[in-house]
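Below is one structure, written out as structure tokens; the observations come after it.
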Amino acid sequence: EAGTELVEDETLVAWAQDVDENGTWDVLGEPGLYYVGASSMPQIVIDDNGYIFLVYSSVTETYDNGLQDYRHIWARGSWGTGSWGDFVDLTGGLVHIFDECVFPSVSPTSDDNIYLMFQTDNEPGLAVRGDEDPYGDNNINFMSVMKTELIAVGTDEHKAPVTEESVSQNMPNPFNGTSWVNIDLHKSCEVFLEVSNIAGQTVYATEKRLMQSGSHRLRIDADLLRPGIYFYTVHAGESSITKKMIVE
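Here this note's numbering is used: position 58 in the sequence shown is 55, and no number is missing along the way.
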């Protein structure tokens, strides 16, 4: 169906990695049975700058116990729509060579790091269901990951053109006639604004314009809009920020 296809780094942002880069996913084909996909258990945290950090568990080639494949905890970051960093195996160190790494849980708050916990043991799968392995001890691990390991935070190349804080609430609001949105662009890019109703239909849009970094004002004309609740979205390069407004 049109619009539902998976597009890499847009609607598809994580998958099992070709660790040895030979063009083939070389696994035994016997992972632990959790009734989930090869790459699953996703966790997402979005920080105050609008950066997105994704953590998930994935069956990982080159790691197995001779009978079953191990899962590792993977992560990557995004600084805007379609802009994603490299895949990082968070459990790729020697200490986890014979570990099944599953059930990541990421804190919704962050600073210069993101924080997560995950489970490890030496046997892929579960004891209570699935492949019903023998009962044994497992470990709950805590990890902090510097954001700069996932994206180059703060560099001009990777900085989002706009963030939640750099797009103002429209003023006045509620309004009729004209309202204005102030934006602070972190870098030069093409910008346009669109307004949608509560059904998600676009009812108003400005022309796309190339704007230099700095402060700008975008106009919203409500003369053709009926009274009600709307959402305006500022599109700036690969970034987009949406906020609510009311037309009287």
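We treat Cβ as the ideally placed atom computed from N, Cα and C, and that holds for glycine.
#1: Counting Cβ pairs, one atom from each stretch, are 3 or more of them under 8 Å apart for the stretch 180 to 187 and the stretch 68 to 88?
#2: If you follow the beta strand (DSSP E) that residue 38 is part of, which residue opens it and which one closes it?
#3: What does DSSP give as the partner residue(s) for residue 5 in the beta ladder?
#4: Rounded to whole angstroms, what is the Cα-Cα separation between residue 224 and residue 190?
#5: Could you tell me the alpha carbon to alpha carbon distance between residue 97 and residue 6, rounded to whole angstroms?
#6: Residue 53 and residue 38 - do their beta-carbons sit closer together than 9 Å?
#7: Within the continuous beta strand (DSSP E) that includes residue 233, where are the two ends?
#8: Cutting at 8 Å between CB atoms, please list the residues of its own chain near residue 94, excluding the five before and the five after it.
#9: Does the beta-carbon of residue 268 have 16 or more other beta-carbons within 10 angstroms, so that it is buried, or is it exposed?
#10: Per DSSP, what are the beta-bridge partners of residue 81 in this structure?
#11: Should the stretch 20 to 38 be regarded as contacting the stretch 137 to 150, the criterion being three or more beta carbon pairs within less than 8 Å?
#12: Which value, in whole angstroms, describes the spacing of the CA atoms of residue 230 and residue 84?
#13: For residue 58, report the span of its beta strand (DSSP E) as first-last.
#14: Any idea what DSSP makes of residue 91, helix, strand or coil?
#15: Work out the CA separation of residue 217 and residue 211 for me, nearest whole Å.
#16: Can you give me the Cβ contacts of residue 161 inside the same chain, cut-off strictly under 7 Å, excluding the 5 residues immediately before and after it?
#17: From which residue to which residue does the beta strand (DSSP E) around residue 97 run?
#18: State buried or exposed for residue 208, treating a residue as buried only when at least 16 other CB atoms are found within 10 Å of its CB.
This is what the structure holds:
#1: Under the 8 Å Cβ criterion, the stretch 180 to 187 does not count as touching the stretch 68 to 88, having fewer than three qualifying pairs.
#2: The residue given as residue 38 occupies position 41 in the sequence shown. That run of the beta strand (DSSP E) goes 36 to 43.
#3: On the sequence shown, residue 5 is found 8 positions in, with the first residue counted as 1. DSSP lists 9 as the bridge partner or partners of residue 5.
#4: Here the question's residue 224 lines up with position 227 in the sequence shown. Here the question's residue 190 lines up with position 193 in the sequence shown. Pairing residue 224 with residue 190, the inter-Cα distance amounts to about 19 Å.
#5: The residue you call residue 97 lines up with position 100 of the sequence shown. The residue you call residue 6 lines up with position 9 of the sequence shown. Answer to the nearest angstrom: the Cα atoms are 27 Å apart.
#6: Residue mapping note: residue 38 aligns to position 41 of the sequence shown, counting from 1. Residue mapping note: residue 53 aligns to position 56 of the sequence shown, counting from 1. Between residue 38 and residue 53, the gap from beta carbon to beta carbon is short of 9 Å.
#7: Looking up residue 233 in the sequence shown gives position 236. Residues 225 to 233.
#8: What you label residue 94 is simply residue 97 of the sequence shown in a count that begins at 1. So the qualifying residues of the chain are 60.
#9: Past the boundaries of the shown model lies residue 268; the chain is included only from -2 to 245, so the question cannot be answered.
#10: Within the sequence shown, residue 81 is the residue found at index 84, counting from 1. Partner residues in the beta bridge of residue 81, as assigned by DSSP, are 75.
#11: Flag = no, the stretch 20 to 38 and the stretch 137 to 150 do not touch.
#12: Within the sequence shown, numbered from 1, the residue matching residue 230 stands at position 233. Within the sequence shown, numbered from 1, the residue matching residue 84 stands at position 87. Residue 84 has its alpha-carbon roughly 29 Å from the corresponding atom of residue 230.
#13: Position 61 of the sequence shown, counting from 1, holds the residue named residue 58. Counting along the chain, the beta strand (DSSP E) containing residue 58 begins and ends at 49 to 61.
#14: As a working mapping, residue 91 is identified with position 94 in the sequence shown. DSSP places residue 91 in the helix class (H, G or I) of the three-state scheme.
#15: Numbered from 1 along the sequence shown, position 214 holds the residue referred to as residue 211. Numbered from 1 along the sequence shown, position 220 holds the residue referred to as residue 217. Rounded to the nearest whole angstrom, the C-alpha separation of residue 211 and residue 217 is 20 Å.
#16: Translated into positions along the sequence shown, residue 161 becomes position 164. Result list for residue 161: 47 and 238, in chain order.
#17: Your numbering for residue 97 matches position 100 in the sequence shown. Looking at the DSSP string, the run of the beta strand (DSSP E) that includes residue 97 is 97 to 103.
#18: Taking the first residue of the sequence shown as position 1, residue 208 is located at position 211. Burial check for residue 208: the Cβ neighbour count within 10 Å reaches 16 or more, so the residue is buried.
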